[in-house]
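Enquirer:
2 protein chains.
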Amino acid sequence: MICVLTGGTGGAKFVDGLRQVIPPEEIMLIVNTGDDLLWWGLYVSPDIDSITYVLSGLLSRERGWGVKGDTFLCLQAMGQLGEPTWFHTGDRDLAVHLLRSRLLAEGKTLSEATSTICDKLGVKARILPMSDSRVETRVDTPSGELSFEEYFVQRWYQDPVNSVRFAGASDAEPAPGVIEAIVSADTVLIAPSNPITSIGPILAVPGVRDALVRARGQVAAISPIVGNAAVAGPAGILMAAKGLPCSIAGVAKAYEDFLDLLICDTRDARAAEALRGNGLRVQCTQTIMRTAEDKAELARTVLSFMIGGLLSDKPVSGESAARAGSDQP
Amino acid sequence: MICVLTGGTGGAKFVDGLRQVIPPEEIMLIVNTGDDLLWWGLYVSPDIDSITYVLSGLLSRERGWGVKGDTFLCLQAMGQLGEPTWFHTGDRDLAVHLLRSRLLAEGKTLSEATSTICDKLGVKARILPMSDSRVETRVDTPSGELSFEEYFVQRWYQDPVNSVRFAGASDAEPAPGVIEAIVSADTVLIAPSNPITSIGPILAVPGVRDALVRARGQVAAISPIVGNAAVAGPAGILMAAKGLPCSIAGVAKAYEDFLDLLICDTRDARAAEALRGNGLRVQCTQTIMRTAEDKAELARTVLSFMIGGLLSDKPVSGESAARAGSDQP
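Residue numbers (this note's numbering), protein chains in the order written: chain A, 440 to 768; chain B, 440 to 768.
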């Protein structure tokens, strides 16, 4: 069993690769819900939706979110009614929000609603929200405190960021199965997601960090930072707001209490060297995912590192490691 | 001010004519809400929607319900999620259900939500739900008791009908403005709607029948029955279930305590004669509405009858009455 902590579009891309190379039944996903929002009165869970769409084959790969081939007529009509339209919910996409909202209104938990939707869409991997309690990522800016989606989607992450907090986290409990999945997985992967606002909320749920420390399997993170910049999105700005450098060293620092292996891009080979000097296992490979094959290749390489890690503490040798680029001094 | 009691597709067609011939500011509509349903967790009010779409120019005239040019991708996606799809909500149409549901969830009344939606869509006529309380038309059949939409849309009104009741009616109050509108209007029109399940629920709200009796203006009904059959839908079956003949006499009977004038189709001239013998004022005209011009023409003719009624108790003379067909013995 492989347990993946994920959120955002980077995470969705990585999971899109993973599903191509291992049976879905062996994947357990723990998904960020800090971005969840009430939109038009419906409960929308952007990261759970993206992962659900990835695993059901419904994701629009062009956009990286929402349903492929979707239309936006309801959105247009909402605009005509004077309702906000900055969060783009497609007509097909709405179905999932409607069903989830109804299930929640009927008293189901987010875990149960997620499980029902996955069953209906034939998703065989297990998708667990990080928590069934409401944890909200709040971004403090000079214009005031914003929800993550306001900051990210509505305002195009243009605001300077003073700080980030996870409202409700201290009272939240991990969703059923989350701690067990982390502790007992053969391997725990931290997807190349924003460490602050995609993985950060998961880590803020009481018990999760400790479970990662206690994990039976190796814990590896794929860096979303390449060459001192985020591959996409505001990870750099948000890491700075948390006092972390925008580099693989910053990623390593964010996960330092539980990280066994950091997987970074070949372009960061020099920075990787420095981290190894500090005693961290680091592997370099091609991490940029443009095509379906890129995604599958990254997943295969990551898994080969992990199998190596299961067998010995030394980096794997052979084709995968060679293809991934030399990471030996 | 003209006050119209309406429901169903016949009512919507009549209002579509009326809006062509008098300023919308002079029209006050009291609309059936007995068909309202929770659909996918959203509050849908089919008759209010139809009238709102008519008056905003959004109605699909081909279908007689919903928004013109609408698509049904969310419906399709809901089907893929295993949700029911027999009630056809279009993607644009969903916007109104979403907004209304959110307003109701925020504590607004149905009247307030309706008024907000009308404002947003530029509807200048006043649309009042018959009541802000939940009144549900329940149709008892050999297969059990059905909601009106289950009976009408899901099961294509194929079930024999034992009886019809309006659950919640005895505890309901008329929505704000309903009684005043009826009592003080220059003219009250009962649209050519199903007397049992479109007008019946309105009449079942305590105080409405009495207001019609007390009305300052004349009360006229346009018969939805032509030649012993309903122009459309199950009015005949439902009238029979209430012990009323499926004829203009049955319509007259349904409204006998408050009706000043019955307007029926020229094809019912003979039946009209018989009713006149019983002391009811009856006018005959072309009531079948196929084209926009048919609708406008019926509205013009009805108004000419009413103006005549305001001036004297005798039927109007002149062009309108002549065109409408002789109704003199």
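Yeah, the Cβ is synthetic: ideal placement off N, Cα and C, and Gly gets one too.
Remember, it's a predicted structure, so these values are computed and weren't measured experimentally.
Hey, is Asp-530/A's beta-carbon within less than 9 Å of any beta-carbon in chain B?
Expert: yes
Enquirer: Which residue's Cα is closest to the Cα of Ile-490/B: Leu-477/B, Phe-453/B and Glu-464/B?
Expert: Phe-453/B
Enquirer: Since Arg-541/B meets chain A, which of its residues come closer than 7 Å, beta carbon to beta carbon?
Expert: Trp-479 and Gly-480
Enquirer: Run the proximity test for Ile-566/A: is its beta-carbon closer than 8 Å to any non-hydrogen atom belonging to the ligand PLP?
Expert: As far as ligands go, the structure on display features none, and thus does not contain the ligand PLP.
Enquirer: So Glu-522/B contacts chain A; which residues on that side make the cut at Cβ distance below 7 Å?
Expert: Leu-538
Enquirer: Rounded to a whole number of angstroms, what is the C-alpha to C-alpha distance between Gln-515/A and Ala-680/B?
Expert: 44 Å
Enquirer: I'd like to check one pair, Thr-472/A with Ser-570/A: are the Cβ atoms closer than 9 Å?
Expert: Against a cut-off of 9 Å, the Cβ pair of Thr-472/A and Ser-570/A comes out as a contact.
Enquirer: Interface residues of chain A around Ala-534/B at Cβ under 7 Å?
Expert: Cys-513, Ala-516, Met-517 and Leu-520
Enquirer: Please determine, among Arg-655/A, Thr-724/A, Lys-734/A and Gly-639/A, the residue with the shortest C-alpha to C-alpha distance to Val-690/A.
Expert: Here the closest residue by C-alpha is Gly-639/A.
Enquirer: Between the alpha carbons of Leu-642/B and Arg-648/B, how many angstroms are there, rounded?
Expert: Cα to Cα, Leu-642/B sits roughly 5 Å from Arg-648/B.
Enquirer: Pull the bridge partners of Phe-591/A from the DSSP assignment, please.
Expert: Looking at the DSSP assignment, Phe-591/A forms no beta bridge with any residue, so it has no partner.
Enquirer: For Phe-500/B, which three-state DSSP category applies?
Expert: With the sequence shown as reference, residue 500/B is identified as Arg, and Phe is not the correct amino acid for it. Note: Arg-500/B maps to coil in three-state DSSP.
Enquirer: With 7 Å as the C-beta to C-beta threshold (strictly closer), list the residues of the stretch 672-685 of chain A near chain B in chain order.
Expert: none
Enquirer: For the stretch 631-702 of chain A, list the beta strand (DSSP E) runs that are entirely contained and at least 3 residues long, ordered along the chain.
Expert: 657-661
Enquirer: Using Cβ-Cβ distances below 8 Å, what residues of the stretch 500-511 of chain B are close to chain A?
Expert: Val-506, Asp-509 and Thr-510
Enquirer: Out of Arg-709/B, Ala-708/B, Asn-717/B and Thr-524/B, point me to the one whose CA is closest to Leu-698/B's CA.
Expert: Asn-717/B
Enquirer: Give me the chain B residues within the contact set of Lys-547/A, using Cβ-Cβ distance strictly less than 8 Å, ordered along the chain.
Expert: The contacting residues do not exist; Lys-547/A stays about 12 Å from chain B at best.
Enquirer: Does any residue of chain A bring its CB to less than 9 Å from the CB of Ile-490/B?
Expert: no
Enquirer: Which residue's Cα is closest to the Cα of Ile-469/A: Lys-547/A, Tyr-596/A and Glu-619/A?
Expert: Glu-619/A
Enquirer: Which residue from Met-440/A, Asp-474/A, Ile-466/A and Glu-465/A puts its Cα closest to that of Thr-426/A?
Expert: As displayed, chain A neither begins before 440 nor continues past 768, which places residue 426/A out of reach and without an answer.
Enquirer: Residues bridged to Arg-577/B by DSSP?
Expert: Ser-586/B and Arg-604/B
Enquirer: Counting beta carbon pairs with one atom in the stretch 593-602 of chain A and one in the stretch 488-507 of chain A, are three or more of them shorter than 8 Å?
Expert: no
Enquirer: So, with DSSP's three-state summary, where would you put Ile-469/B?
Expert: strand
Enquirer: Secondary structure at Thr-510/B, three-state DSSP: helix, strand or coil?
Expert: coil
Enquirer: To the nearest angstrom, how far is the alpha carbon of Glu-545/B from that of Arg-539/B?
Expert: 10 Å
Enquirer: Would you say Leu-476/B and Ser-586/B are within 9 Å of each other, going by their C-beta atoms?
Expert: Ser-586/B sits close to Leu-476/B, with the two beta carbons spaced by under 9 Å.
Enquirer: Report the rounded CA-to-CA distance for Asp-696/B versus Lys-507/B, giving the unit in angstroms.
Expert: A straight line joining the alpha-carbon of Asp-696/B with that of Lys-507/B spans about 39 Å.
Enquirer: Going by the beta-carbon positions, is the gap between Lys-692/A and Leu-683/A smaller than 9 Å?
Expert: yes
Enquirer: May I have the straight-line CA-CA distance separating Thr-580/B from Asn-633/B, to the nearest angstrom?
Expert: Whole-angstrom Cα-Cα distance: 18 Å.
Enquirer: Considering only their Cβ atoms, is the gap separating Ala-674/A from Thr-730/A smaller than 9 Å?
Expert: no
Enquirer: Step through the CB atoms of chain B and report whether any lies within less than 9 Å of the CB of Lys-559/A.
Expert: With 9 Å as the cut-off, Lys-559/A counts as an interface residue toward chain B.
Enquirer: Have a look at Pro-645/A and Leu-651/A and give me their C-alpha separation to the nearest angstrom.
Expert: 12 Å
Enquirer: Rounded to whole angstroms, what's the CA-CA distance from Ser-572/B to Arg-655/A? Just pull it up for me.
Expert: Cα to Cα, the separation comes out at about 58 Å.
Enquirer: Whole-angstrom Cβ separation of Lys-559/B and Gly-521/A, contact assumed at under 8 Å?
Expert: 5 Å
Enquirer: DSSP beta-bridge partners for Gln-722/B?
Expert: Ile-702/B
Enquirer: Using the rule of at least 16 other Cβ atoms within 10 Å of the residue's Cβ for burial, across every protein chain shown, is Ala-711/B buried or exposed?
Expert: buried
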